[in-house]
Structure formats: C-alpha cells, structure tokens
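S.K.: According to my numbering, the sequence shown is numbered sequentially starting from 195. All residues carry an ideal CB built from backbone N, CA and C; glycine is no exception. A quick note: this is a predicted structure, and the numbers were derived from the prediction, not measured.
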Amino acid sequence: MKLVTAAIIHNDGEFLITRRGPDNKLAGKWEFPGGKLEPNETLEECVRREIKEELRIDIKVGQQLGESVYSYGDGSIKLIAFWATWVSGEIQLIDHDQLRWVNKETILQYDFLPADLPFMKQLSKGDKPRK
Numbered sequence: 195m196k197l198v199t200a201a202i203i204h205n206d207g208e209f210l211i212t213r214r215g216p217d218n219k220l221a222g223k224w225e226f227p228g229g230k231l232e233p234n235e236t237l238e239e240c241v242r243r244e245i246k247e248e249l250r251i252d253i254k255v256g257q258q259l260g261e262s263v264y265s266y267g268d269g270s271i272k273l274i275a276f277w278a279t280w281v282s283g284e285i286q287l288i289d290h291d292q293l294r295w296v297n298k299e300t301i302l303q304y305d306f307l308p309a310d311l312p313f314m315k316q317l318s319k320g321d322k323p324r325k
C-alpha cells in the first residue's frame, strides 16, 4: 500500500482544491494537492515537498485531519491529510490545470478523487483546524 499525503490549505473559511491536468491519471478529477511519501521522509516533509513541487509555494503543516484508504485498479493507497497554511510563493500549476478556493457550501459541487471524498465530506460539515 502506497502512503500518500494531502494538504488541506485553508484561509478564511476557504480550502484550496486542484484539478488533475489532462496528462495525469484520473484527469479532470479534483483533489487536495499532495503526493507519495519518499524513503526516509516524514509525512510532514512529504506534504511540504509535494506542495512545493506541484504548486511552487511554501506551506506550514499543521495537525493531521485524518486518513483515507482506497483501492484503485492498480493498487491501494493510504491518504493522510494535514491542515496547512500558505506561507510564501506565488501559485503555479505544474500537474494541475485548475485550482479553486471553495468553502463548506461549494465544495460538494466538485467531482473529487475517491480517496479525497472523506475529507471533502468532513469539510462540508464545517470541520475546522484546531488551534
């Protein structure tokens, strides 16, 4: 099972979501940005590195929101999501073709990857990072 991290980047009640570009597997699906854990890397280092690679921004990683296990056709993943805040840099889309800032009311309008669905549902119910 692959370990994958995701960042729930939040600001003033909104969350950053990204859509997979046409050259990616499951193109057109929305997700919370992140990626696969590398050897000798902590989960927090992974999510920070992936966001830097995918969006060219620096984030501060907060508490873990939760975990989601999903079996895709080519294997299973355990997706671990972390609250995060944008610290610096200008967003550049590298692997994605769109981004949106959504709130708990609008997040349900997007077609998310299956592994991201539990987090999307949590946020739609008003889950917020703990101080």
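Starting from residue 197, follow its DSSP beta bridges and name the residues at the other end.
M.R.: Residue 197 pairs with 272.
S.K.: Tell me, please, whether the region 240-252 touches the region 217-224 by the rule of three or more beta-carbon pairs shorter than 8 Å.
M.R.: no
S.K.: Buried or exposed for residue 310, please, with buried defined as at least 16 other CB atoms from any protein chain shown within 10 angstroms of its CB.
M.R.: buried
S.K.: Which runs of the beta strand (DSSP E), 3 residues or longer, sit entirely within the region 238-312?
M.R.: Correct list: 252-266, 269-282, 290-296.
S.K.: Starting from the C-beta of residue 288, find all residues in its chain whose C-beta is less than 8 Å away, skip the five residues before and the five after it, and write them out in chain order.
M.R.: Within the same chain, and ignoring the five residues on either side of residue 288 in sequence, the residues whose Cβ sits closer than 8 Å to its Cβ are 247, 248, 249, 250.
S.K.: In the DSSP assignment, what residue or residues form a beta bridge with residue 205?
M.R.: 208
S.K.: Can you confirm whether residue 277, when its beta carbon is compared against all beta carbons of chain B, has any partner nearer than 9 Å?
M.R.: Judged by its chain identifiers, the structure shown contains no chain B, having just a single protein chain.
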